[in-house]
Structure formats: C-alpha cells, structure tokens
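Peer 1:
Protein chains: 2
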Amino acid sequence: MLLTDAIGYAAAVLTTASFLPQALHTFQTKDVRGISLGMYSAFTCGVALWLAYGILVSAWPVVGANAITLTLAGAILVMKLRYHEEPITQIEHTGD
Amino acid sequence: MLLTDAIGYAAAVLTTASFLPQALHTFQTKDVRGISLGMYSAFTCGVALWLAYGILVSAWPVVGANAITLTLAGAILVMKLRYHEEPITQIEHTGD
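These protein sequence lines map, in sequence, to chains A and B. Heads up: the first sequence at position 74 corresponds to 74 in my numbering, and the numbers run straight through without jumps. Offset between the second sequence (1-based) and my numbering: plus 100.
(1) Please list, in chain order, the chain B residues whose beta carbon lies closer than 7 Å to that of Gln28 (chain A).
(2) Going by CA-CA distance only, name the one from A:His84, A:Ser18 and A:Asp5 that's closest to Gly146 (chain B).
(3) Since Leu35 (chain A) is in the alpha helix (DSSP H), which residue starts that stretch and which ends it?
(4) Taking only the alpha-carbon atoms, compute the straight-line gap between Ile68 (chain A) and His184 (chain B) and give it to the nearest angstrom.
(5) With 8 Å as the C-beta to C-beta threshold (strictly closer), list the residues of the region 57-74 of chain A near chain B in chain order.
(6) Quick test of your reading: Gly74 (chain A) and Val63 (chain A), contact by CB under 8 Å. State the CB separation rounded to the nearest angstrom.
(7) Using CA coordinates, which residue listed in B:Lys180, B:Ile176, B:Thr171 and B:Asn166 is at the minimum distance from Ala112 (chain B)?
(8) State the start and end residues of the unbroken alpha helix (DSSP H) segment that holds Ala59 (chain A).
(9) Quick one: using the 10 Å Cβ neighbour count with 16 as the cut-off for buried, is Gln122 (chain B) buried or exposed?
(10) Closer than 7 Å, Cβ to Cβ, to anything on chain A: give me those residues from the region 143-157 of chain B, in chain order.
(11) Whole angstroms is fine: what's the gap from Met179 (chain B)'s alpha carbon to Thr71 (chain A)'s?
(12) Just the chain A side, please: which residues come within less than 9 Å of His125 (chain B) by C-beta, in chain order?
(13) How long is the line joining the alpha carbons of Val132 (chain B) and Met101 (chain B), rounded to whole angstroms?
(14) Check whether the Cβ atoms of Val14 (chain A) and Leu151 (chain B) lie closer than 8 Å to each other.
(15) Answer with buried or exposed for Gln28 (chain A), where buried requires no fewer than 16 other C-beta atoms within 10 angstroms of its C-beta.
(16) Kindly indicate which three-state DSSP category Gln90 (chain A) falls into: helix, strand or coil?
(17) Figure out for me which residue from A:Thr4, A:Ala59 and A:Leu77 has the closest Cα to the Cα of Gly108 (chain B).
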C-alpha cells in the first residue's frame, strides 16, 4: 500500500506542478495563439468544481492540489484573454 | 450528498474533456510555440501515474477519466515534439 500511496502522491504533484512551466512560458513569451481558449475555460471551471467538491467532502489534499492548479490555470486563462489581441511577436510584411 | 456527487462528476467531465479542444486546436494550427514542453511532459507522466494508481486501488472512474486524459495529453505532447521544428505559420522577411 505504501508504493500505491507514493504513486498517488507523485501523480498529484506532477499534474499540479505541470501548470507552472506553462504559466511561466506564457508570461515570458506572451504567445497565446497555440493555446486553446476552450481548454482553459473548461479546465479552470472543472478545477474550481474539484475545489468545491473537496471542501464539501472535507478532502483537504484535493482542496490543496486544486487551489494551486486553479491559481495557475486561471492565470493562463487570464493571459490568453489579455494577450489575445496583442501578440508581441507579430511580423508584418510592410511592402514589396 | 447528491449535489456533492454531481459537482464531482461535473468536475471530472470538464477537466477530462478540456484537453479535446486543445488537441484539435494544435492539430489544426500546428502552432506549438506557445505550448510548454515542460508542462506536457510532467502532466502526461502524472496522468499515467494516476492511471496506474486507479488500477492498483481498483478505482475505475479514476482509470476511465485518466485513460482519456492520457490519450489527449499524450497526443498534444507528441504534436509538440513533432511540430516543434517545422512551424507552418513561419513568416520570413525576404528583402527590404
């Protein structure tokens, strides 16, 4: 059972922490064209519901992991909406 | 308790299904520059561990949800690696 628990904890840490490099990448590059608005809208709503579920059943590891994920995924969603209209890497062909 | 269960199911459906619009977006645009390799590497490993955990504790909803997420996140990871060197939207300024 110890190994099973360790696998569960490792899974939780990896899936939660994985949004940190994406949030940093998006903050640094401001390139949000390849990021799906549909994904981050649905995912952020889903994680908020996991957080509510964790609070309702008093599952504090679920609350903790989803609070972190909600912060990171929410930040990516806000950047997607914020940077959508102003890509800093836009290249225009100004004349031939 | 019925409402709590409904919130849990809605959370699972949203977080699992959310990767479908991202996989379709990436497949259609082949624009992977804004996608973090670190995120999809860690996330795919984490979901694979959740799948293993679900099998070990016979939690079949965990197995089902993570099998779908692993397929979608794995596809995005493969596209990130595959399209990384050949962006189809590359624009070159060929002369002034």
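Beta carbons: idealized from backbone N, C-alpha and C, even for Gly. It should be emphasised that the depicted structure is a prediction, and the values quoted were computed from it without experimental measurement.
Peer 2: On the basis of the supplied data:
(1) For Gln28 (chain A), no chain B residue has a C-beta closer than 7 Å to its own C-beta; the minimum C-beta separation is roughly 10 Å.
(2) The shortest C-alpha separation from Gly146 (chain B) is found at A:Ser18.
(3) For the sequence presented, residue 35 (chain A) should be read as Ile rather than Leu. Unbroken run through Ile35 (chain A): none, as it is neither H nor E.
(4) 29 Å
(5) Val57
(6) Wrong, their Cβ atoms sit about 16 Å apart, outside the cutoff.
(7) B:Asn166
(8) Run containing Ala59 (chain A): none; DSSP gives neither H nor E here.
(9) buried
(10) Phe143, Cys145, Gly146, Val147, Leu149, Trp150, Ala152, Tyr153, Leu156 and Val157
(11) 26 Å
(12) Those within 9 Å of His125 (chain B) in chain A are Gly34, Ile35, Ser36, Leu37, Gly38 and Met39.
(13) 42 Å
(14) Val is not the amino acid found at residue 14 (chain A); the sequence shown has Leu there. The answer is no: Cβ separation not under 8 Å.
(15) exposed
(16) At Gln90 (chain A) the pLDDT is 49, less than 50, meaning the model places this residue with poor confidence; the figure from the coordinates comes in the next sentence. For Gln90 (chain A), the secondary structure class from DSSP, reduced to helix, strand or coil, is coil.
(17) A:Ala59
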